[in-house]
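First comes the structure, then the notes that go with it.
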Amino acid sequence: MDLHCVETTDTDIAACYDETLLQDRVLRNMLKTEGRYLPANASLLMKQSQVNPRMVEIVAGWMMEVCEEQACQDEVFLLAMNYLYRFLMTTDIKKSQLQLLGAACMLMASKLREPRPLSTETLVFYTDHSITTAMLTRERYQCEIDRFWRAAAGPGQNNAAIRIVSRENNRA
1 MDLHCVETTD TDIAACYDET LLQDRVLRNM LKTEGRYLPA NASLLMKQSQ VNPRMVEIVA
61 GWMMEVCEEQ ACQDEVFLLA MNYLYRFLMT TDIKKSQLQL LGAACMLMAS KLREPRPLST
121 ETLVFYTDHS ITTAMLTRER YQCEIDRFWR AAAGPGQNNA AIRIVSRENN RA
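The sequence shown lines up with residues 1 to 172 when you count with full-length UniProt numbering.
Okay, structure coming up:
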């Protein structure tokens with residue numbers, strides 16, 4: 001007797017569209033609570049001795065390109081940037097570590113938001129092998145020890161903006 005499995009893992013499972021979540025009342029509440037989970041902009045890079053806003057902008061562009069090429073959900077990039085800013089607000093890093101930190105933030109964000117998270121090998125490839133999987137794993141571990149990411153993963157994290165855009169797209 002031959003058994004044949006026809007199930008595949010090629011399709012991603014996503015939540016169904018729910019009109020209730022796009023109502024004005026829900027969006028107002030999300031915007032109100034979101035402020036508690038977003039990093040304050042005033043002291044963004046005060047701890048940094050080598051990293052300046054232009055460098056962060058370049059790494060953010062790189063992170064966006066990686067997320068787009070890997071067809072990540074929008075939430076992955078937004079959450080990764082939130083993690084990046086939170087870490088930069090609390091820890092002084094060398095400019096040579098900025099891309100490594102960005103990759104570690106994308107790794108953590110994709111593990112929380114993607115059905116199929118980005119792999120360390122994929123992220124190492126996108127850095128043009130300027131980092132190793134061991135370095136990336138160690139950096140991710142350091143970020144987790146610092147626990148900055150736990151506070152950043154609050155309810156409604158970055159969802160208000162995404163839901164507003166989604167609502168406008170569905171009305172059009």
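Even glycine gets a Cβ: it sits at the ideal position worked out from N, Cα and C.
Return helix, strand or coil for D92, following the three-state DSSP convention. Correct three-state label for D92: coil.
Skipping 5 residues on each side, what residues in its chain have a beta carbon closer than 6 Å to that of C67? Answer for C67: V76 and F77, listed in chain order.
Three or more C-beta pairs under 8 Å: does that hold for the region 48-67 against the region 88-97? Output reads yes: the region 88-97 touches the region 48-67.
Helix, strand or coil for M106? Go by DSSP, reduced to three states. M106: helix per DSSP, three-state reduction.
Distance between R25 and C72 (C-alpha atoms, nearest Å): Cα to Cα, the separation comes out at about 28 Å.
Suppose contacts are defined by Cβ-Cβ distances below 8 Å. Is R140 in contact with M89 by that definition? For R140 and M89, no; Cβs fall outside 8 Å.
By Cβ distance, which residues of its chain are closer than 8 Å to G102, with the 5 residues on each side in sequence left out? Non-local C-beta neighbours of G102 in its own chain, meaning closer than 8 Å and more than five positions away in sequence, comprise V59, A60, W62, M63, A80 and L84, ordered along the chain.
Could you give the DSSP three-state label for C72: helix, strand or coil? In the three-state reduction of the DSSP assignment, C72 falls in the coil class, being assigned neither a helical nor a strand state.
Excluding the five sequence neighbours on either side, which residues of its own chain have a C-beta within less than 7 Å of the C-beta of F125, listed in chain order? Cβ within range, chain order: n/a, list empty.
Just curious, the alpha helix (DSSP H) that T122 is in, first and last residue? Note, T122: alpha helix (DSSP H), T120 to Y126.
State the CB to CB distance for the pair T133 and Q99, rounded to an integer number of angstroms; the pair is presumed to be in contact (CB under 8 Å). In this structure, T133 and Q99 do not form a Cβ contact; the two beta carbons are roughly 14 Å apart against a cut-off of 8 Å.
According to the neighbour-count rule (16 or more other Cβ atoms, all chains shown, within 10 Å of its Cβ), is T137 buried or exposed? By the neighbour-count criterion, in which a residue is buried when 16 or more other Cβ atoms sit within 10 angstroms of its Cβ, T137 is exposed.
Proximity of Q70 and L118 at Cβ, strictly below 8 Å: Taking 8 Å as the Cβ cut-off, Q70 and L118 qualify as a contacting pair.
Out of T120, A104, N82 and L27, point me to the one whose CA is closest to C143's CA. Considering only alpha carbons, the answer is A104.
M135 and L123: beta carbons closer than 8 Å? Result no, Cβ atoms of M135 and L123 do not sit closer than 8 Å.
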